[in-house]
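*Asks:* Below is one structure. I have some questions about it.
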Amino acid sequence: MAFSLQWVLCAILWMISGFQIESVFTGKSGLTPAPEFSRQAVTKPRVYHGREKRHITSTRADEEGVEHIHDVTVALDMNGRDQLLDLRLNRELIPKGYFEKHQKDGFYVIRRPGEKEVELCHYQGKLRGVPDSWAAISTCNGLRGVVYDGHELHYLERATNSTRIHDVDHYLYSHSNLVSNLTCGFEGTDQKHISDFHKNHRISKRFKRSDEMIRGPYNANASSSYVELVLVLDNKEYKALGENMNNVNSHCKDIANIINALYVPLNIFIALVGVVVWTEYDEINLSSNGDTTLTNFLHYRRERLVKEHPNDNAQLLTRMQFE
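Residues -18 to -1, 1 to 305 (mature numbering (1 follows the signal peptide of the UniProt record, and there is no 0)) make up the sequence shown, in order.
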């Protein structure tokens, strides 16, 4: 089980963290589509309040606050067909005790924002009337995330600098058009394995170590399992995100929300308990050999990270190109 969980998380991470970072996070126009895809579509999503049925340009409950409305419907043109995404705010993504940690002047700085300080604009849901579909979308700066239509993953992101979400150009990519040779350091990391896992994998119930830390989602039950996730970003990843901690933390919440959506059908809920950023130097030796880097990171997690910040799983986000 441990290997399978690690492998699938790794496969998801390389798919969603490696493309189009520059246009989204560095203030560029964003008009250039992600080069990792051979083609893309331009779509103008139409976004509606899930309960009041009126169109909205933002999901924020008010302009100055960090709270977002609970239910959203997105009308989206996918492959020439109008589809409806029914989305619900993932309030349980960030648990009590969540931390953000980075290096400064040779030391670590830890921030533990309160519940009303963390902006959660992260939604999960599915395509209306489409079996086995799921979606994980953030709305803080345009629409960004993934939609699984039961057969293939699609990636959505804004195509302009506008932060509006309604009737504004967005890029829509299909995973079958991904051309980059991105891997986790293992052979065979592709979408077929993700689909096979989603349909066939069975995970036994794990010991629920931290009931008091993770609030049970609305659809949790006595058989639900919980995984406390820590994301660690190396120095190159930090620089690729514009050396901006707001960008970093938003990106990590996007990733955790997508991982969570993948596991919800298996009655497993992922909570992002913390983010560690190597803003000045890497804590481990990073090698182009995937096995070496994985071994070094697992040693770091076992000897340092889990002792300082208890967690069930940690993932390294790195710009290292593996052989």
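Positions of the beta carbon are idealized from the N, C-alpha and C atoms, including for glycine. As the structure is a computational prediction, the values presented were derived from the model and not from experiment.
1) Count the other CB atoms within 10 Å of the CB of residue 297; is the residue buried (16 or more) or exposed (fewer)?
2) Mind checking residue 208: buried by the 16 CB within 10 Å criterion, or exposed?
3) How about residue 134 and residue 157: do their beta carbons lie closer than 7 Å?
4) Grouping DSSP H, G and I as helix and E and B as strand, with all else coil, what is residue 168?
5) At the level of alpha carbons, what is the spacing between residue 31 and residue 87?
6) Buried or exposed: residue 124, going by 16 or more other Cβ atoms within 10 Å of its Cβ?
7) Using the Cα positions of residue 36 and residue 43, report the straight-line distance between them to the nearest angstrom.
8) Under 6 Å Cβ to Cβ from residue 261, same chain only, skipping five residues before and after it: list those, please.
9) I'd like the span of the beta strand (DSSP E) that includes residue 279, first residue to last.
10) Would you mind sorting residue 236 into buried or exposed? The rule is 16 or more other CB atoms within 10 Å of its CB.
11) Considering only the alpha carbon of each residue, which of 66, 249 and 276 lies closest to residue 300?
12) With which residues is residue 157 paired in a DSSP beta bridge?
13) Tell me whether the segment 64 to 76 and the segment 105 to 120 touch, counting them as touching only if at least three CB pairs, one residue from each stretch, are closer than 8 Å.
14) Just verifying my parser: in three-state terms, what is the DSSP assignment at residue 288?
15) Compare the beta carbon distance of residue 58 and residue 15 with 7 Å and say whether it is the shorter of the two.
16) Return helix, strand or coil for residue 257, following the three-state DSSP convention.
17) Among the residues of its own chain, which have a CB less than 8 Å from the CB of residue 152, if the five just before and after it don't count?
18) Helix, strand or coil for residue 117 per DSSP?
19) Select from 240, 287 and 272 the residue whose C-alpha is nearest the C-alpha of residue 265.
20) Taking C-beta to C-beta, are residue 56 and residue 41 nearer than 7 Å?
21) Can you find the residues in the same chain that come closer than 6 Å, C-beta to C-beta, to residue 302, ignoring five residues on each side of it along the sequence?
22) What residue from 64, 205, 259 and 251 has the CA that sits closest to residue 228's CA?
23) Between which two residues does the beta strand (DSSP E) harbouring residue 57 extend?
24) Using the C-alpha atoms, what's the distance from residue 103 back to residue 122?
25) What's the C-alpha gap between residue 274 and residue 155?
26) Which same chain residues, not among the five before or five after residue 113, have their C-beta less than 7 Å away from its C-beta?
27) Taking the DSSP output, what are the residues bridged to residue 122?
28) List the endpoints of the continuous alpha helix (DSSP H) containing residue 308.
29) Thinking C-alpha only, which one of 243, 93 and 62 is nearest residue 108?
30) Measuring straight from C-alpha to C-alpha, what distance separates residue 212 and residue 150?
31) Taking 6 Å as the cut-off, is the CB of residue 281 close to at least one heavy atom of the ligand FMN?
32) May I have the straight-line CA-CA distance separating residue 291 from residue 214, to the nearest angstrom?
*Replies:* Result, derived from the coordinates:
1) buried
2) Flag for residue 208 reads buried.
3) yes
4) With a pLDDT of 45 at residue 168, under the threshold of 50, the predicted position of this residue should be treated as unreliable, and no value is reported.
5) Taking the straight line joining both Cα atoms gives about 45 Å.
6) With 16 or more other Cβ atoms within 10 Å, it is buried.
7) 14 Å
8) 84, 85 and 220
9) Premise fails: residue 279 lies in the alpha helix (DSSP H), 272 to 282, not in any beta strand (DSSP E).
10) buried
11) 276
12) Bridge partners of residue 157: none, in fact.
13) yes
14) helix
15) no
16) strand
17) 24, 25, 26, 27, 124, 125, 138, 139, 140 and 141
18) Note: residue 117 maps to strand in three-state DSSP.
19) 287
20) It is not a contact, given that the beta carbons lie outside the stated cut-off.
21) 268
22) When only C-alpha atoms are compared, the closest one is 259.
23) 53 to 60
24) So the two alpha carbons sit approximately 6 Å from each other.
25) 33 Å
26) 132
27) For residue 122, which the question treats as bridged, DSSP gives the partners 124.
28) The structure shown does not extend to residue 308, since the chain is modelled only from -18 to 305, so the question has no answer here.
29) 243
30) 33 Å
31) As far as ligands go, the structure on display features none, and thus does not contain the ligand FMN.
32) 12 Å
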